[in-house]
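Following: one structure in structure tokens, then a few remarks.
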Amino acid sequence: MKLNKSQPIGVFDSGIGGLTVANAISKLLPNEKLIYFGDTAHLPYGDKSARAIKQYSYIITDFLIEKGCKAIVIACNSATAVSYRFLHEMYKDDIHIFGVIHPVVLAVTQDESIKKIGIIGTQATVQSGVYESLFKQQKPELEITSLATPLLAPMIEAGFAPNSTIDGVLQYYINRKEFEDIDALILACTHYPLIKDKIADLLPPHVKIFDNTIYAAREVQLELQRLYLLSNKKSSENEFYVSDYTENFEQTTQIFYGEKIKLELAKIWKLS
Ligand code: DGL
3 MKLNKSQPIG VFDSGIGGLT VANAISKLLP NEKLIYFGDT AHLPYGDKSA
53 RAIKQYSYII TDFLIEKGCK AIVIACNSAT AVSYRFLHEM YKDDIHIFGV
103 IHPVVLAVTQ DESIKKIGII GTQATVQSGV YESLFKQQKP ELEITSLATP
153 LLAPMIEAGF APNSTIDGVL QYYINRKEFE DIDALILACT HYPLIKDKIA
203 DLLPPHVKIF DNTIYAAREV QLELQRLYLL SNKKSSENEF YVSDYTENFE
253 QTTQIFYGEK IKLELAKIWK LS
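Under this note's numbering, the first residue of the sequence shown is numbered 3, with each subsequent residue one higher.
This is the structure:
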């Protein structure tokens, strides 16, 4: 398939949280048109099986290809963890598939001062063991501790990021022996950039906090630049789709995108 610069970039997530990634991409690449898809009908992915997440990811990717995307970014850590490899294999001759895990892993391995890493994410991400196996390939001497922190995403989505109610939950997750002498912590979930400052307050100042969204956006930029596929003029306004619409989802966009976004319902699943 011959791709051209003016085609949009597709971004998908289990729901609204992936707007943090869309936001990072649109800030770095303001000339790119984005087509976002949030699978609100199946939210959250974090406690779903790998089998279910793979099937959802495949159908959403098809939807974004139909919309004419030149590249697709899997914004969700859980979906990247279980679907990136197979989507990349399946579509590598047609379009570019990006995830949010490889770029941050590369960034961490390039920092010589980091010897021990903590990772927090959903159950699906942590259980996949993808971070561990990538670090093992890249830099086997690194010590990794991952922890599933399933209470955080729903609390952030409910608007608790600026609220002190979340502090106790964060202390419970972060102030533990396994994380005591880490040099870096990876925020392996779409939602966690919103509580980055609160997390930093709980860690010694030398601990580096890695926000996946920034590294994912940079990789998209570098790779599309390399392929002469970066757009120099935005073709039309971004589009935002969800698989289930509620007024509440639309309100929640404000939390993750910094402004309220108009969501459109895309009926890609048959809901009974
Ligand atoms: N988007 C998911 C992730 O980054 C978090 C929310 C969910 O569990 O669906 O892993």
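Note that CB positions come from ideal geometry on N, CA and C, so glycine has one too.
Beta-carbon proximity of residue i to residue j, cut-off 9 Å
| i | j | result |
| --- | --- | --- |
| I67 | D96 | yes |
| C71 | I37 | yes |
| Y194 | A126 | no |
| P266 | F242 | Before going on, a small fix: residue 266 reads as Glu here, not Pro. Yes. Within cutoff. |
| K117 | E143 | yes |
| T124 | S85 | no |
| I283 | I18 | The requested residue 283 does not occur in the structure, where the chain is confined to residues 3 to 274. |
| I62 | I270 | yes |
| V189 | L205 | Before going further, note that residue 189 is Leu rather than Val in the sequence given. No, the pair does not count as a contact, with Cβ atoms beyond the cut-off. |
| A77 | A24 | yes |
| I99 | H90 | yes |
| N234 | K69 | no |
| Y175 | L154 | yes |
| A218 | F65 | no |
| S130 | A83 | yes |
| I122 | V110 | no |
| L31 | T255 | no |
| F88 | Y60 | yes |
Buried versus exposed call for residue i [16 or more other C-beta atoms within 10 Å across all chains shown]
| i | result |
| --- | --- |
| D49 | exposed |
| T167 | exposed |
| L273 | exposed |
| S245 | buried |
| H208 | exposed |
| Q139 | exposed |
| D41 | buried |
| K94 | exposed |
| P10 | buried |
| P105 | buried |
| F14 | buried |
| E34 | buried |
| N214 | buried |
| Y58 | buried |
| L224 | exposed |
| F137 | buried |
| Y230 | exposed |
| S237 | exposed |
| F162 | buried |
| L108 | exposed |
| S115 | exposed |
| T151 | buried |
Strand pairing of residue i, partner residues [DSSP]
| i | result |
| --- | --- |
| A73 | I11 and H98 |
| I55 | None; I55 has no bridge partner. |
| D64 | Note: D64 sits in no beta bridge, so no partner. |
| E241 | I37 |
| F212 | I188 |
| E266 | Y243 |
| G120 | T147 and L187 |
Below-9 Å beta-carbon distance, residue i vs any chain C residue
| i | result |
| --- | --- |
| Y243 | Note that chain C does not occur in the displayed structure, where there is just one protein chain. |
Quick one: complete alpha helix (DSSP H) runs, 4+ long, within the region 132-191? Listed in chain order, they are 132-140, 154-159 and 167-176.
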